[in-house]
Amino acid sequence: MLSNSLIEMTLHEALSTGADFAEIFCEETKHSSLRMVNGDLDQALSGMDSGIGLRLWRGEQSL
Numbered sequence: 022m023l024s025n026s027l028i029e030m031t032l033h034e035a036l037s038t039g040a041d042f043a044e045i046f047c048e049e050t051k052h053s054s055l056r057m058v059n060g061d062l063d064q065a066l067s068g069m070d071s072g073i074g075l076r077l078w079r080g081e082q083s084l
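First residue of the sequence shown: 22, per this note's numbering; consecutive thereafter.
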């Protein structure tokens, strides 16, 4: 998770570029799968994907 001070600093810098709007978004997805072959468990997998993004807009233009 990002600290509030890092979020505030990042948004301040983003808006100082002339953007009208800036947002930070975080995503986290967990997934798992099981594969059966002839009624027997053949494979079990699990994982997690995560990331952070920054969106900037000036008027109707994405920067």
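Note that the Cβ used here is the ideal one computed from N, Cα and C, for glycine as well.
Task: Local conformation of Thr38 per DSSP, three classes - done: coil
- [ ] State buried or exposed for Ala40, treating a residue as buried only when at least 16 other CB atoms are found within 10 Å of its CB.
- [x] buried
Task: For Met22, the three-state DSSP class (helix, strand or coil) - done: coil
TODO: Consult DSSP for Glu49 and reduce its assignment to one of helix, strand or coil.
DONE: strand
Task: Cβ separation of Gly74 and Phe42, assumed to be a contact under 8 Å, to the nearest whole Å - done: Contact doesn't hold; Cβ gap of about 14 Å is too wide.
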